[in-house]
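Protein sequence lines correspond, in order, to chains A and B.
Using the UniProt record's numbering, read the first sequence as starting at 1 and increasing by one per residue.
Using the UniProt record's numbering, read the second sequence as starting at 1 and increasing by one per residue.
Protein chains: 2
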Amino acid sequence: MVLAKDLSHLLSDEANTRVPSPLKTCIKYFNDPNVIFLGGGLPMSKYFPWFDITGTSPLPPFANGVGAPSSEQDLINLKIPRDNIDVLEDEEFGTISLDKALQYGFSQGHPQLTSFFKEHNKIIHKMDKYEDHDVIATIGNTWNLESTLRCLCNKGDYVLVEEFAFSSTLTAVKAQGIKTCPIPMDADGIIPEKLDELLANWDEDKLGKIKLLIIVATGSNPKGLSLPVERRQKIYDLACKYDFIIAEDEPYYFLQTGQYFKPEERPALTNEKIDHDEFVGGLVKSFLSLDSEGRVLRFDSLSKIMGPNTRIGWITGQKNLLTHLFRFHEVSIQSPSGFSQAIVAKTLNSWGQAGYLDWLIGIGKEYKTKRDFCIDSLYKHIPKRLLDSKTVVINPPIAGMFFTIDIKSENHPEFESKFQRNGKLVEQHIYETVIKQGVLMVPGSWFETADCTIADRGGVEEPKKEIFFRGTYAAVDLEKLDQGIQRFAKVLDSEFS
Amino acid sequence: MVLAKDLSHLLSDEANTRVPSPLKTCIKYFNDPNVIFLGGGLPMSKYFPWFDITGTSPLPPFANGVGAPSSEQDLINLKIPRDNIDVLEDEEFGTISLDKALQYGFSQGHPQLTSFFKEHNKIIHKMDKYEDHDVIATIGNTWNLESTLRCLCNKGDYVLVEEFAFSSTLTAVKAQGIKTCPIPMDADGIIPEKLDELLANWDEDKLGKIKLLIIVATGSNPKGLSLPVERRQKIYDLACKYDFIIAEDEPYYFLQTGQYFKPEERPALTNEKIDHDEFVGGLVKSFLSLDSEGRVLRFDSLSKIMGPNTRIGWITGQKNLLTHLFRFHEVSIQSPSGFSQAIVAKTLNSWGQAGYLDWLIGIGKEYKTKRDFCIDSLYKHIPKRLLDSKTVVINPPIAGMFFTIDIKSENHPEFESKFQRNGKLVEQHIYETVIKQGVLMVPGSWFETADCTIADRGGVEEPKKEIFFRGTYAAVDLEKLDQGIQRFAKVLDSEFS
Chain A
1 MVLAKDLSHL LSDEANTRVP SPLKTCIKYF NDPNVIFLGG GLPMSKYFPW
51 FDITGTSPLP PFANGVGAPS SEQDLINLKI PRDNIDVLED EEFGTISLDK
101 ALQYGFSQGH PQLTSFFKEH NKIIHKMDKY EDHDVIATIG NTWNLESTLR
151 CLCNKGDYVL VEEFAFSSTL TAVKAQGIKT CPIPMDADGI IPEKLDELLA
201 NWDEDKLGKI KLLIIVATGS NPKGLSLPVE RRQKIYDLAC KYDFIIAEDE
251 PYYFLQTGQY FKPEERPALT NEKIDHDEFV GGLVKSFLSL DSEGRVLRFD
301 SLSKIMGPNT RIGWITGQKN LLTHLFRFHE VSIQSPSGFS QAIVAKTLNS
351 WGQAGYLDWL IGIGKEYKTK RDFCIDSLYK HIPKRLLDSK TVVINPPIAG
401 MFFTIDIKSE NHPEFESKFQ RNGKLVEQHI YETVIKQGVL MVPGSWFETA
451 DCTIADRGGV EEPKKEIFFR GTYAAVDLEK LDQGIQRFAK VLDSEFS
Chain B
1 MVLAKDLSHL LSDEANTRVP SPLKTCIKYF NDPNVIFLGG GLPMSKYFPW
51 FDITGTSPLP PFANGVGAPS SEQDLINLKI PRDNIDVLED EEFGTISLDK
101 ALQYGFSQGH PQLTSFFKEH NKIIHKMDKY EDHDVIATIG NTWNLESTLR
151 CLCNKGDYVL VEEFAFSSTL TAVKAQGIKT CPIPMDADGI IPEKLDELLA
201 NWDEDKLGKI KLLIIVATGS NPKGLSLPVE RRQKIYDLAC KYDFIIAEDE
251 PYYFLQTGQY FKPEERPALT NEKIDHDEFV GGLVKSFLSL DSEGRVLRFD
301 SLSKIMGPNT RIGWITGQKN LLTHLFRFHE VSIQSPSGFS QAIVAKTLNS
351 WGQAGYLDWL IGIGKEYKTK RDFCIDSLYK HIPKRLLDSK TVVINPPIAG
401 MFFTIDIKSE NHPEFESKFQ RNGKLVEQHI YETVIKQGVL MVPGSWFETA
451 DCTIADRGGV EEPKKEIFFR GTYAAVDLEK LDQGIQRFAK VLDSEFS
């Protein structure tokens, strides 16, 4: 196997300036039995005021479904003892005892956690195209983006983003003084040919080198799209051609709900156990799995899979780039919480890789059920005349948690009189009216990426003409979801009467 | 009471650019019973794979000492249930159930945690000089510094730091492109008159406005000094006069070990319970307690008190500044780990404020014992001739975890022949020799603050002439400590023979 390409020319000034703290160079003597360590302010673990932590989790294969209450589930008892686990030799590999979990060190994450993620990566992404890849444990994808931006981009740099993107991503980018260059999208996601055209005509002398593409390729936010593998390959090839890094931000990767079918055409959900190979084979190929040069930094997170505030995620990529990311950990987050690492590592290692796949299959099933129910509900409640006239278009997602509804604002009876032919005013009006009726849907304009290239050329960006709303089927149960959609549909009915 | 001064002119470009994410503005509807929330990707808590988390901690007043094993302690059982705790009405205030702990939201920390810290602040710092102060929960003081720098400083700005400072602090500052301006220190810490002089002559037009002083005022790192209250008041007055913010970084605040006495003059440690008022009254006044304008951001951390990788700390200061800090959370760390918040909040609220004071008293006692033992051991093992000739000077600390040993490098027999009259070479030689003899002590030069004003005036900084080593009595037990010091002393004996 080959080694990753040296991409150190893509590092930010900050990453290049951030030398390892000299104190970190001597921490290696902390566990050296021949050296008495009077070097760093590491409190003795006997002063940690917890003797043990225990918990219960459901037992794979989660026969009653991943959301079933404890009384319906077989349970696993998780026990995290205070000390004396030799992590490498003990048969209970997977346990991070509290004396180690709550101590300093391991800014890359504890091996009991990262080795699980590495093994998982092999199963899902193969990881057989270059040799020197690794995993660092992090505190989730919000952080993964923030730290990647800090390590790759300087103020004034451009990054490539989707035409519609997660608003917090755009906030983070903007606050760092980084500019956005949106890539046009269609119903399959960003369009490789448009990206190629954009980069072929990029004025690097004037606008600087583009070093990074940020993309939520599976279950994109807000659109719920999933980029087909052919496009992924083309975009990866462009990354090699134009020398940039792909930050593949994949919190929704395992929520691949597949194509939506109307109830009458829908294959019945069986209770048959899904084969692991079949499940893995059915997942869209990741950028990571295509990566032969070490150009992909993949962001994974447990937020949508096990719980947002576990604050556990990980980054996979070439070792040289990861070194800069965890060196940043040392002066910022230090490492993910010890309690989180210990509890999550114990849970995952107790489940095993097969159990974790069962969990992912189970979670995916729940979201497929919710997605189907949600789209059914939209078709049921939104008046047929609005759908027929294409005043309202429902976009069934194929991955993730979100769905969108396009609205032809010019069909609003007061489009000229009240809203001065401005779609954004219609959008704001519908947003507020809908809240008053007791349901919250998010205006699509919140996700619009500013095209900073226009500003840099002295132009003014036209507001996009599309109007849409983003909803989610994640946050509420089916009954409420139906009720919420009904309320939303009622507003559309009366507004476009 | 008055309100804090408006200090928004001291914010960084980044903080001024970082608008709240629009999605965060609608999260308030998540708990509104009248609104069905289809707004954000919040997974339902029934998909969190833990039914409960429990733990055991020692029970106040920790009669057998804070480091005693569980078998010698009375225990508290901590139970964190899955759900259905109404946090404001339930009698078990202090419990953050898992459904809330592991969900998004609360980038300022859960109220069960922050309200405990606020109450604690009242006891320790009074907080009666201005009205609009608050607390945000964070992931520790490394982060507190990082986020404060991001919110106050631009690249190229100068910050005031101690002449000798924690090396990771200096690394963090430098990586952000911020420059350091050291304040001279003596045996009591930084010297107010020197600071006044420095600021009176500061060329703001050329060097920019100074907006921040970073200081570890109690148990300073590496020196173990503690700034007397008179100096704190003078420095606070200078902050008002010259309009800067004091970042009071206080991980060691509760490790105030007091003056060192030789064994024969030392008052015997009694087992009598220390009165809480007496304990609080005996603590050196914090900058926070002197703050009448809202110019102090105090960093507290549980790292040295309960365990480093709890990754729980907090910042106290005026609300307007805190708003910018937690708005940064929203696009970076989100919030401290839910497991950490739930376990720590449950522990602290179970102990109560009085129990927590007992814990702090107990921890302080342990460190006083270790400090005394350590300094005794130094006097015992370092040859008297080296102390008499002031070749070696022992500096007993009065707070914190660290002690320093000054060494007169010019007394080394090979100072001219082998080390070319360069103290740094002597330092490096001793560092390496000491490791070979099986003990690690940290060279003082690792803590030297670069004086960037010199570089900006076209000069070259002379390496400081002082040579010293920093040790800690935190990381090992008494027996090993003695053995380590003996090894170190043996090296000094043979090097300076």
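For every residue, glycine included, the Cβ atom is placed at its ideal position computed from N, Cα and C.
Query                                                                                                                                                                                                                           : Result
Under 8 Å Cβ-Cβ, which residues of chain A neighbour M441(B)?                                                                                                                                                                   : L38 and G39
Given D132(A), which residues of its chain have a CB within under 8 Å of its CB, disregarding the five upstream and five downstream residues?                                                                                   : L3, A4, G294, Q318, K319 and N320
Using the three-state DSSP reduction, which class does N271(B) fall into: helix, strand or coil?                                                                                                                                : coil
Between G156(B) and L10(B), what straight-line distance do the alpha-carbon atoms span, to the nearest angstrom?                                                                                                                : 14 Å
Can you tell me where the beta strand (DSSP E) with C153(B) in it begins and where it stops?                                                                                                                                    : That residue, C153(B), is in no beta strand (DSSP E); it is neither H nor E in DSSP.
Along chain A, in chain order, which residues have C-beta atoms closer than 9 Å to that of G444(B)?                                                                                                                             : Going along chain A, no residue has its Cβ under 9 Å from G444(B), so there is no contact; the nearest lies around 11 Å.
Is the segment 377-391 of chain B touching the segment 142-155 of chain B in the sense that three or more CB pairs, one from each, lie closer than 8 Å?                                                                         : no
Counting only the same chain and skipping the five closest in sequence on each side, list residues whose C-beta sits under 7 Å from that of D358(A).                                                                            : P60, P61 and F62
Can P263(B) and D376(B) be called in contact, C-beta distance under 8 Å?                                                                                                                                                        : yes
Using 8 Å as the cut-off, can you tell me whether the segment 401-408 of chain A makes contact with the segment 216-233 of chain A, which would need three or more C-beta pairs spanning the two stretches below that distance? : yes
Residues in the same chain with beta-carbon distance under 7 Å from M127(B), minus the five sequence neighbours each way, listed in chain order, please.                                                                        : N121 and H133
If I follow the unbroken beta strand (DSSP E) through K79(A), where does it start and stop?                                                                                                                                     : L75 to P81
Would you call A268(B) buried or exposed, if buried means 16 or more other Cβ atoms sit within 10 Å of its Cβ?                                                                                                                  : exposed
Does D186(B) pass the burial test, meaning 16 or more other C-beta atoms within 10 Å, or should it be called exposed?                                                                                                           : exposed
Compute the Euclidean distance between the alpha carbons of Y356(A) and G177(A), then round it to the nearest angstrom.                                                                                                         : 39 Å
Just to confirm my understanding: we take G274(A), look at its own chain, exclude 5 residues before and 5 after, and list those with CB closer than 6 Å. What are they?                                                         : A quick correction: the sequence has Ile, not Gly, at residue 274(A). Answer for I274(A): I361, listed in chain order.
Within 8 Å of any Cβ in chain D, is that where the Cβ of W314(B) sits?                                                                                                                                                          : Within the model displayed, chain D is absent; protein chains A and B are what it includes.
Please classify G338(B): does DSSP put it in a helix, a strand, or coil?                                                                                                                                                        : helix
So is R18(A) in contact with chain B if we call contact Cβ pairs under 8 Å?                                                                                                                                                     : yes
Are Y252(B) and R371(B) closer than 8 Å when you measure CB to CB?                                                                                                                                                              : no
Let me know the secondary structure DSSP gives K179(B) once reduced to three states.                                                                                                                                            : strand
So that I know if they touch, is there some Cβ in chain A lying closer than 8 Å to that of L478(B)?                                                                                                                             : no
Taking all protein chains shown into account, do 16 or more other C-beta atoms lie within 10 angstroms of the C-beta of C181(B), making it buried, or fewer, making it exposed?                                                 : buried
Would G352(B) count as contacting chain A if we go by Cβ distances under 8 Å?                                                                                                                                                   : no
Does any CB atom of chain B fall closer than 8 Å to the CB of S340(A)?                                                                                                                                                          : yes
Rounded to whole angstroms, what's the CA-CA distance from I214(A) to S57(B)? Just pull it up for me.                                                                                                                           : 44 Å
Cβ of A172(B) within 8 Å of Cβ of L149(B)?                                                                                                                                                                                      : yes
With a CB to CB cut of under 6 Å and the five nearest residues on each side skipped, what residues in its chain are close to I191(B)?                                                                                           : P184
How would you label M306(A), buried or exposed, when you count the other beta carbons within 10 angstroms and need 16 or more for buried?                                                                                       : buried
Anything in chain B within Cβ reach of Y253(A), meaning under 9 Å, just list it in chain order.                                                                                                                                 : Residues of chain B passing the Cβ test: none, with the nearest at roughly 14 Å.
Taking only runs of the alpha helix (DSSP H) that begin and end inside the segment 306-391 of chain A, which ones reach a length of at least 4 residues, in chain order?                                                        : 319-330, 338-381 and 384-388
Using DSSP bridges, identify the partner residues of I405(A).                                                                                                                                                                   : I394(A) and F469(A)
To the nearest angstrom, how far is it from the Cα of A342(B) to the Cα of S107(B)?                                                                                                                                             : 14 Å
Provide the residue(s) that pair with L212(B) in DSSP beta bridges, ordered along the chain.                                                                                                                                    : I245(B)
Check L297(A) in the structure and name its three-state DSSP category.                                                                                                                                                          : strand
Identify, in the order they occur along the chain, each residue of the same chain with its Cβ nearer than 7 Å to the Cβ of H125(A), setting aside the five sequence neighbours on each side.                                    : S286, L288 and S289
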